[in-house]
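Q: Dumping the structure here so I can ask a few things about it.
Residue numbers (my numbering): 391 to 789.
In structure tokens:
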């Protein structure tokens, strides 16, 4: 496995960079993409000029604007970012390397077989970077190594607009001076535990006797030290299994009206159903997620008699769970719907005409939205009502 050539490509400050492309007058200024502070939003992405003030993804927008009050704050436009992502991924795919898409702005490539055709891994990475910039105006960073772990760390280390290659056999030396927090898969809690042991750099972790680590981390000690030494045998997964599909929304103000909660639940169920149908999947388990004003979060789920991709089935299961979990007068901060236990198909009953009707309705709605956009058609129960409270869909984070 040491002869592999792995590339990790990550678009720099993706959402903020797209906004800067569309607003050239913003170039070089601190840009923060996220919902308004009063909507309890978080930072989805920010430019490097904003990061210089301590702003980072997933930070509450209110805090971000305290750190950088002169920043340009703009709401996320997910459809636009998805379009740019599709264009970039299509370009990368053309180079013929096995490809694992990690997120909208990050991808792994196994260039073991295809790098030679492009003059080597570094030449290939440089060509991809140049083309992405020439055709979209976006900059990216590429890390090259013999495995995914070190390629990812090299990519992060090289940001922004960098290209770092770690030769096979040079992993230990490359990683040694870096802070332990740079280790992919090692979170803040583990970093804090290592810090308490007096271990601050990856090199110190490399040199620590395994028996000492086992006292603190047990069976995970060996894996932790292997990470520190740059050992990784994970493969580039060209097809990643989808384990669940979910949508959720955080309310501007806490909601106690059950009718409004049901309308939101129907909208979320529609989105989950459409995502299932797009992926060609059916769900056996439907779950809801509720967060109270105290930030306590609960989930409730039910198992269906047969897998489904029907909006109606998803909603009926979800609304039953909602009715059991939310009593009169209770306030809700966040509401979500999740479809899990996924399969690639389902068996209809012999006389299941109602399911067939729902399937035809769902397909008709999907077709209209595909042609004319998501707002082209809405169920009557989702039409705006007097005094209806605004809500917002949480966007995924991007760096």
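Glycine is no exception: its CB is placed at the ideal position from the N, C-alpha and C atoms.
1) Whose C-beta lies closer than 8 Å to the C-beta of residue 560 among residues of the same chain, with five residues either side of it excluded?
2) Tell me the rounded alpha-carbon separation between residue 549 and residue 622.
3) For the alpha helix (DSSP H) that residue 723 lies in, which residues bound it at each end?
4) Taking the beta carbon of residue 737 as the centre, do at least 16 other beta carbons fall within 10 Å, making it buried, or is it exposed?
5) Can you say whether residue 660 is buried or exposed, counting buried as having 16 or more other CB atoms within 10 angstroms of its CB?
6) Determine which residues share a DSSP beta bridge with residue 674 and list them.
7) I need the straight-line Cα distance from residue 395 to residue 545, nearest angstrom please.
8) Alpha carbon to alpha carbon, how far is residue 404 from residue 486?
9) Label residue 393 either buried or exposed according to how many other C-beta atoms from any shown protein chain fall within 10 Å of its C-beta, with 16 as the threshold for buried.
10) Measure the CB-CB distance between residue 432 and residue 450 and report whether it falls below 8 Å.
11) Going by the CB atoms, is the gap between residue 722 and residue 655 shorter than 8 Å?
12) Mind checking whether residue 733 and residue 697 have CB atoms under 8 Å apart?
13) Less than 8 Å between the C-beta atoms of residue 704 and residue 689, yes or no?
14) Can you check the segment 525 to 562 for any beta strand (DSSP E) of at least 3 residues that lies completely inside it and give the ranges in chain order?
15) Rank 615, 609, 564 and 599 by C-alpha distance to the C-alpha of residue 581 and give the top, closest one.
16) Alpha carbon to alpha carbon, how far is residue 628 from residue 499?
17) Going by DSSP, what residue range makes up the alpha helix (DSSP H) through residue 407?
18) Ignore the nearest five residues each way along the sequence and tell me which others in residue 709's own chain have a CB closer than 7 Å to its CB.
19) Tell me which same chain residues have a C-beta within less than 7 Å of the C-beta of residue 526, skipping the five on either side of it?
20) Suppose the cutoff is 7 Å on Cβ atoms and the five residues either side in sequence are ignored; what does the same chain contact list for residue 495 look like?
21) Looking at residue 454 and residue 422, is the spacing between their C-beta atoms short of 8 Å?
22) Is the beta carbon of residue 620 closer than 8 Å to that of residue 565?
23) In the DSSP assignment, the alpha helix (DSSP H) including residue 704 goes from what residue to what residue?
24) Taking the alpha-carbon positions, what's the residue 730 to residue 577 distance?
25) Which full runs of the alpha helix (DSSP H) of 4+ residues lie inside the segment 613 to 671, going along the chain?
A: This is what the structure gives:
1) Mapped onto the chain shown, residue 560 falls at position 170. Setting aside the 5 residues that flank it on each side, residue 560 has no residue in the same chain whose C-beta is closer than 8 Å to its C-beta.
2) Reading the chain shown from its first residue, position 159 is the one you call residue 549. Reading the chain shown from its first residue, position 232 is the one you call residue 622. Roughly 22 Å separates the two Cα atoms.
3) What you label residue 723 is simply residue 333 of the chain shown in a count that begins at 1. It is not in any alpha helix (DSSP H) - residue 723 instead sits in the beta strand (DSSP E) that spans 722 to 733.
4) On the chain shown, residue 737 is found 347 positions in, with the first residue counted as 1. Caution applies to residue 737, whose pLDDT of 45 falls short of 50 and renders its modelled position unreliable; the value that the coordinates give is listed next. Answer is exposed; the Cβ neighbour count stays below 16.
5) Counted from its first residue, the chain shown places residue 660 at position 270. Buried is the label assigned to residue 660, since at least 16 other Cβ atoms lie within 10 Å of its Cβ.
6) On the chain shown, position 284 is the one that residue 674 refers to. For residue 674, which the question treats as bridged, DSSP gives no partner whatsoever.
7) Against the chain shown, residue 395 aligns to sequence position 5. Against the chain shown, residue 545 aligns to sequence position 155. If you take the alpha carbons of residue 395 and residue 545, they lie about 14 Å apart.
8) For the purposes of this step, residue 404 is taken as residue 14 along the chain shown, with counting starting at 1. For the purposes of this step, residue 486 is taken as residue 96 along the chain shown, with counting starting at 1. When rounded, the distance between both Cα atoms is 24 Å.
9) Counted from its first residue, the chain shown places residue 393 at position 3. When all chains shown are included, residue 393 counts as exposed.
10) Taking the first residue of the chain shown as position 1, residue 432 is located at position 42. Taking the first residue of the chain shown as position 1, residue 450 is located at position 60. For the pair residue 432 and residue 450, the CB atoms are nearer than the 8 Å cut-off.
11) Within the chain shown, residue 655 is the residue found at index 265, counting from 1. Within the chain shown, residue 722 is the residue found at index 332, counting from 1. No, these two residues do not count as a Cβ contact at 8 Å.
12) One-based indexing of the chain shown puts residue 733 at position 343. One-based indexing of the chain shown puts residue 697 at position 307. Their beta carbons are under 8 Å apart, which means residue 733 touches residue 697 by this criterion.
13) Mapped onto the chain shown, residue 704 falls at position 314. Mapped onto the chain shown, residue 689 falls at position 299. Their beta carbons are not under 8 Å apart, which means residue 704 does not touch residue 689 by this criterion.
14) Qualifying beta strand (DSSP E) stretches, in chain order: 530 to 535 and 553 to 555.
15) Along the chain shown, one-based indexing puts residue 581 at 191. Of 615, 609, 564 and 599, the residue nearest in Cα terms is 615.
16) Within the chain shown, numbered from 1, the residue matching residue 628 stands at position 238. Within the chain shown, numbered from 1, the residue matching residue 499 stands at position 109. As the crow flies, the alpha-carbon of residue 628 is around 9 Å from that of residue 499.
17) Locating residue 407 in the chain shown gives position 17, where the first residue counts as 1. Looking at the DSSP string, the run of the alpha helix (DSSP H) that includes residue 407 is 404 to 412.
18) Start at 1 with the first residue of the chain shown, and residue 709 comes out as number 319. Scanning its chain for C-beta atoms nearer than 7 Å, with the 5 sequence neighbours on each side dropped, one finds around residue 709 the residues 652 and 655, in chain order.
19) Position 136 of the chain shown, counted from the start, is the residue given in the question as residue 526. The residues are 474, 477 and 478.
20) In the chain shown, counting from the first residue as 1, residue 495 sits at position 105. So the qualifying residues of the chain are 400, 401, 404, 475 and 788.
21) In the chain shown, residue 422 corresponds to position 32, counting from 1. In the chain shown, residue 454 corresponds to position 64, counting from 1. Cβ distance < 8 Å, so residue 422 and residue 454 count as in contact.
22) Taking the chain shown and counting its residues from 1, one reaches residue 565 at position 175. Taking the chain shown and counting its residues from 1, one reaches residue 620 at position 230. Closer than 8 Å, so yes.
23) Within the chain shown, residue 704 is the residue found at index 314, counting from 1. Where residue 704 is concerned, the enclosing alpha helix (DSSP H) starts and stops at 701 to 715.
24) In the chain shown, counting from the first residue as 1, residue 730 sits at position 340. In the chain shown, counting from the first residue as 1, residue 577 sits at position 187. Put simply, the backbone Cα of residue 730 is about 26 Å away from that of residue 577.
25) As far as the segment 613 to 671 is concerned, its whole alpha helix (DSSP H) runs of at least 4 residues are 648 to 669.
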